[in-house]
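Below is one structure, written out as structure tokens, with a few remarks after it.
Protein chains: 2
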Amino acid sequence: MNASPRRKELTRLAAQLFVQEGFDKTTVRMLAQEMGIKSGSLFHHFKDKQEILAAVIEEGTHNALRIARRALEYSPTDPEARLRTMARAHLETLFTDRNAHVVALFEWRRLDDEAKAHLSHLRDAYEALWVEVIDAALEAGLIHGDRFLVSRFVLGALNWTVRWYDPAGPRTPDDLADELVGMIIPAKR
Amino acid sequence: MNASPRRKELTRLAAQLFVQEGFDKTTVRMLAQEMGIKSGSLFHHFKDKQEILAAVIEEGTHNALRIARRALEYSPTDPEARLRTMARAHLETLFTDRNAHVVALFEWRRLDDEAKAHLSHLRDAYEALWVEVIDAALEAGLIHGDRFLVSRFVLGALNWTVRWYDPAGPRTPDDLADELVGMIIPAKR
DNA sequence: GTCTATATTCAGATAGAC
DNA sequence: GTCTATCTGAATATAGAC
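Chains as they are written, first to last, in the working numbering: chain A, 1 to 189; chain B, 1001 to 1189.
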């Protein structure tokens, strides 16, 4: 709702801490220190800690959706390229965009029911993009299986990279995306 | 270390709560209530809350390793069947064995450094099983890609099922495992 | 092995001055 | 918009009786 520049900046910093420490282990005092203010001042910007989480997750999902949509616009239209585009966009929001999408994926459970209800349509819109692209790949005979399961397996493989991938290592996120797509597509003809 | 039957039972109950609520959100009072004792009594069995987590994760990883090894013994020896066997075993420990493996995967970060050091060899042994089976599939030309990445993508896809799969639904864990293997293997010849 | 009682610490959140 | 000061509740853990 409210989106003052200050609040946006605070949300960005919160996302970083939530990824590093986890939502539960991040105290409002830690958040405040990172933001260069005292803990009491935080509650001028956010009603409570829950609202900070909701703000982060909203931004994270929103970014993922925006970046994926834009990437699809500029993508070649063949199903394989679009699959690659989506995978690249997904990892881009996880590793280079800035953390908020990671929080959206890994701390969703910590949202209260109200926030979940409010944000689930955003998440669903993003997943719908995926199902769309996967459907096209299925119809083209590029991959095979159940559309629902394939989407979830692919997203699972991508999401889990957060747990092991080191962006400082030799591979780029794009490398990972291409490898994953290569894995589920029959060998190059 | 210590493995009194009582402690084993408590560990089992703790695993269940850790999955339902998450480690951080599970209080020692909740644990005690579930176990039918008072919170103070818990510390007769475990030095502190950390030790409960370590016990759960040790059991979870140990179970996963044991079940996978045994499943491979009885598995046909062709690479595709062994891949399927590993995937089935993995989901079996996640959904039907009982929760401890889920905790091992999702709360690993919460272990202190000492526990991580003590348990990482167990985890590595389990992952080595996977790499072995995946290597065989690569050599047989059944799948293609980097052994390291393929293992991690497959495990990611499997692990993430915890977040969306409903065991009460129409599909069995074995169905999921077979679908995943089908997804990464070229269409039936 | 479990109980009661409690020490201790720390978290989220509020009030009112500046 | 930020500060200081503080309330309130809750969580981990301990001590000693039974």
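Even glycine gets a Cβ: it sits at the ideal position worked out from N, Cα and C.
- Apart from sequence neighbours up to five positions away, the residues of its chain that approach leucine 142 of chain A with a beta-carbon distance below 7 Å are Pro79, Glu80 and Ile185, ordered along the chain.
- Between proline 1186 of chain B and chain A, the shortest Cβ-Cβ separation is below 8 Å.
- The DSSP-derived three-state label of arginine 70 of chain A is helix.
- Between leucine 1091 of chain B and leucine 1155 of chain B, the CB-CB gap reaches or exceeds 8 Å.
- By the C-beta criterion, the stretch 1134-1150 of chain B is judged not to be in contact with the stretch 1053-1073 of chain B, since fewer than 3 inter-stretch pairs fall below 8 Å.
- In this structure, glycine 1145 of chain B sits away from glycine 145 of chain A, with a CB-CB distance that is not shorter than 8 Å.
- For arginine 7 of chain A, same chain residues with a beta-carbon under 6 Å away, outside a window of 5 residues either side, are His45 in chain order.
- Of the residues assessed, alanine 1117 of chain B falls on the exposed side of the cut-off, its CB having fewer than 16 other CB atoms within 10 angstroms.
- Its Cα nearest to that of alanine 1125 of chain B, the residue B:Ala1068 stands out among B:Ala1068, B:Gln1016, B:Ala1014 and B:Leu1013.
- The straight-line gap separating the alpha-carbon atoms of aspartate 1166 of chain B and serine 1075 of chain B is approximately 27 Å.
- The beta carbon of tryptophan 1130 of chain B does not come within 8 Å of any beta carbon belonging to chain A, so the residue lies off that interface.
- Between leucine 94 of chain A and arginine 82 of chain A, the C-beta spacing is not below 8 Å.
- One alpha carbon belongs to arginine 1029 of chain B, the other to glycine 1040 of chain B, and they sit about 9 Å apart.
- From the beta-carbon of isoleucine 1143 of chain B, the residues of chain A found nearer than 8 Å are Met183.
- Per DSSP, the unbroken alpha helix (DSSP H) holding tryptophan 160 of chain A starts and ends at 147-164.
- For the stretch 1149-1160 of chain B, the beta-carbon criterion of a distance under 8 Å to any beta-carbon of chain A is satisfied by Leu1149, Val1150, Arg1152, Phe1153, Val1154, Leu1155, Gly1156, Ala1157, Leu1158, Asn1159 and Trp1160.
- Of all residues in the stretch 1010-1031 of chain B, those with a C-beta nearer than 8 Å to a C-beta of chain A are Gly1022, Asp1024 and Lys1025, reading in chain order.
- Residue-level contact check: arginine 1082 of chain B does not touch chain A, since none of the beta carbons of chain A fall below 8 Å from its beta carbon.
- Under the 8 Å criterion on CB atoms, aspartate 1146 of chain B is classed as interfacial with respect to chain A.
- Taking CB atoms only, leucine 1111 of chain B has no neighbour in chain A less than 8 Å away.
- DSSP, reduced to helix, strand and coil, places phenylalanine 95 of chain A within a helical segment of the structure shown.
- Ranked by how close their Cα comes to the Cα of leucine 111 of chain A, the residues A:Ala14, A:Pro5 and A:Phe23 have A:Phe23 in first place.
- What glutamate 1092 of chain B touches in chain A, judged by beta-carbon distance under 7 Å, is nothing: the nearest beta carbon there is about 17 Å away.
- In this structure, the alpha-carbon of alanine 168 of chain A lies about 28 Å from that of glycine 36 of chain A.
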